[in-house]
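Q:
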Amino acid sequence: MMIIIMTTKIKRKLRSKCCLTKCLQNVFENSARLLGLTKKLLVHSCQLVIIIWNWLLVFTWMIQVGFLLRVQRRNTGLLFLKETNSYSPLLYHFVS
1 MMIIIMTTKI KRKLRSKCCL TKCLQNVFEN SARLLGLTKK LLVHSCQLVI
51 IIWNWLLVFT WMIQVGFLLR VQRRNTGLLF LKETNSYSPL LYHFVS
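Take 1 as the starting number for the sequence shown in full-length UniProt numbering and just add one per residue.
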């Protein structure tokens with residue numbers, strides 16, 4: 001029953017265009033109250049979840065940028081130059 005109440009609260013907050021980190025913080029506050037955790041432990045767990053969430057966003061962004069750079073490098077013909085070894089080793093370090 002409490003899970004249904006918590007999910008409906010999250011849906012309402014998402015509909016009102018609330019920040020995702022604020023919604024995560026509210027979910028963890030509600031679950032901490034249910035588990036009987038202390039306020040200090042609750043704050044640290046919320047901060048940890050937000051930090052992990054931000055690092056996941058950065059990591060996925062880095063993967064997307066790396067993929068786009070690889071596609072762009074393939075389209076500019078640098079891979080053909082790499083196969084023929086017709087340029088300096090310093091440039092080879094940056095291309096590969």
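Every residue, glycine too, gets a C-beta built ideally from N, C-alpha and C.
#1: Counting only the same chain and skipping the five closest in sequence on each side, list residues whose C-beta sits under 7 angstroms from that of Arg70.
#2: I need the straight-line Cα distance from Asn30 to Val58, nearest angstrom please.
#3: Taking the straight line between their C-alpha atoms, what separation do you get for Asn54 and Gly66?
#4: Please report the distance separating the alpha-carbon of Leu34 from that of Leu68.
#5: Less than 7 angstroms between C-beta atoms, sequence neighbours within five positions excluded: which residues of the same chain meet that for residue 111?
A: According to the structure shown:
#1: None.
#2: Cα atoms of Asn30 and Val58: separation of roughly 27 angstroms, rounded to the nearest angstrom.
#3: Taking the straight line from one Cα to the other gives about 18 angstroms.
#4: Linking Leu34 to Leu68 through their CA atoms gives a straight-line distance of about 45 angstroms.
#5: This structure leaves residue 111 out entirely; the chain is present only between 1 and 96.
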